[in-house]
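K.L.:
In UniProt numbering, the protein residues as written are 1 to 79.
For glycine and all other residues, C-beta sits at the position ideal for the given N, C-alpha and C.
The structure follows.
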(Lines of atoms letter the chains of each structure in order from A; the text may use other names.)
(Lines give C-alpha, C1' and ligand atoms only; values in the text may rest on other atoms or scores of the structure.)
Protein backbone atom coordinates (compact mmCIF):
# COMPACT_ATOMS: atom_id res chain seq x y z
CA UNK A 1 0.00 0.00 0.00
CA UNK A 2 2.62 2.53 1.06
CA UNK A 3 5.12 1.76 -1.71
CA UNK A 4 2.57 2.61 -4.39
CA UNK A 5 1.08 5.54 -2.40
CA UNK A 6 -2.40 4.08 -2.24
CA UNK A 7 -2.68 5.92 1.07
CA UNK A 8 -2.46 9.28 -0.69
CA UNK A 9 -4.88 8.05 -3.35
CA UNK A 10 -7.60 7.08 -0.88
CA UNK A 11 -7.06 10.27 1.13
CA UNK A 12 -7.59 12.40 -1.99
CA UNK A 13 -10.66 10.40 -3.03
CA UNK A 14 -12.00 10.68 0.52
CA UNK A 15 -11.52 14.45 0.43
CA UNK A 16 -13.33 14.68 -2.92
CA UNK A 17 -16.25 12.62 -1.62
CA UNK A 18 -16.29 14.61 1.65
CA UNK A 19 -16.61 17.87 -0.30
CA UNK A 20 -19.30 16.42 -2.56
CA UNK A 21 -21.38 15.04 0.32
CA UNK A 22 -21.06 18.29 2.26
CA UNK A 23 -22.88 20.04 -0.59
CA UNK A 24 -25.42 17.28 -1.26
CA UNK A 25 -26.52 16.38 2.29
CA UNK A 26 -27.95 19.23 4.38
CA UNK A 27 -26.76 17.95 7.76
CA UNK A 28 -23.68 16.12 6.47
CA UNK A 29 -21.34 14.77 9.11
CA UNK A 30 -18.17 12.89 8.16
CA UNK A 31 -18.36 10.61 11.20
CA UNK A 32 -21.94 9.62 10.43
CA UNK A 33 -22.03 9.56 6.62
CA UNK A 34 -18.59 8.28 5.56
CA UNK A 35 -18.09 4.58 6.17
CA UNK A 36 -14.51 4.17 5.04
CA UNK A 37 -12.31 2.83 2.27
CA UNK A 38 -12.07 -0.69 0.88
CA UNK A 39 -9.39 -1.90 -1.52
CA UNK A 40 -9.77 -5.32 -3.12
CA UNK A 41 -6.55 -6.69 -4.57
CA UNK A 42 -8.07 -9.39 -6.76
CA UNK A 43 -4.83 -11.29 -7.28
CA UNK A 44 -4.41 -11.49 -3.52
CA UNK A 45 -7.93 -12.69 -2.64
CA UNK A 46 -7.85 -16.30 -1.46
CA UNK A 47 -10.79 -18.36 -0.19
CA UNK A 48 -8.39 -20.18 2.16
CA UNK A 49 -7.47 -16.84 3.80
CA UNK A 50 -10.60 -14.66 3.64
CA UNK A 51 -8.92 -11.39 4.75
CA UNK A 52 -5.99 -11.69 2.36
CA UNK A 53 -6.11 -9.18 -0.49
CA UNK A 54 -8.61 -6.92 1.29
CA UNK A 55 -7.59 -3.62 2.86
CA UNK A 56 -10.00 -1.42 4.82
CA UNK A 57 -9.41 1.87 6.56
CA UNK A 58 -11.14 5.10 7.50
CA UNK A 59 -9.09 8.30 7.37
CA UNK A 60 -9.24 10.41 10.50
CA UNK A 61 -11.76 13.25 10.22
CA UNK A 62 -9.13 15.73 11.42
CA UNK A 63 -6.82 14.78 8.55
CA UNK A 64 -9.59 15.24 6.00
CA UNK A 65 -10.47 18.64 7.52
CA UNK A 66 -6.81 19.74 7.31
CA UNK A 67 -6.57 18.56 3.71
CA UNK A 68 -9.80 20.41 2.91
CA UNK A 69 -8.38 23.63 4.35
CA UNK A 70 -5.07 23.13 2.54
CA UNK A 71 -6.71 22.58 -0.85
CA UNK A 72 -8.99 25.56 -0.21
CA UNK A 73 -5.86 27.71 0.13
CA UNK A 74 -6.17 28.35 3.85
CA UNK A 75 -3.12 28.54 6.10
CA UNK A 76 -2.97 26.84 9.49
CA UNK A 77 -3.31 30.25 11.14
CA UNK A 78 -6.58 30.92 9.29
CA UNK A 79 -8.05 27.49 10.07
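Can you confirm whether the segment 43-50 touches the segment 20-33 when touching is taken to mean that 3 or more C-beta pairs between the two stretches lie within less than 8 angstroms?
P.N.:
Cβ pair count under 8 angstroms is below three, so no.
K.L.:
Does DSSP put residue 65 in a helix, a strand or coil?
P.N.:
It is helical.
K.L.:
In the DSSP assignment, what are the bridge partners of residue 56?
P.N.:
Note: residue 56 sits in a beta bridge opposite 38.
K.L.:
Taking the alpha-carbon positions, what's the residue 30 to residue 9 distance?
P.N.:
So the alpha carbons of these two residues sit roughly 18 angstroms apart.
K.L.:
Which residue marks the beginning of the alpha helix (DSSP H) containing residue 33, and which one marks its end?
P.N.:
Counting along the chain, the alpha helix (DSSP H) containing residue 33 begins and ends at 30-33.
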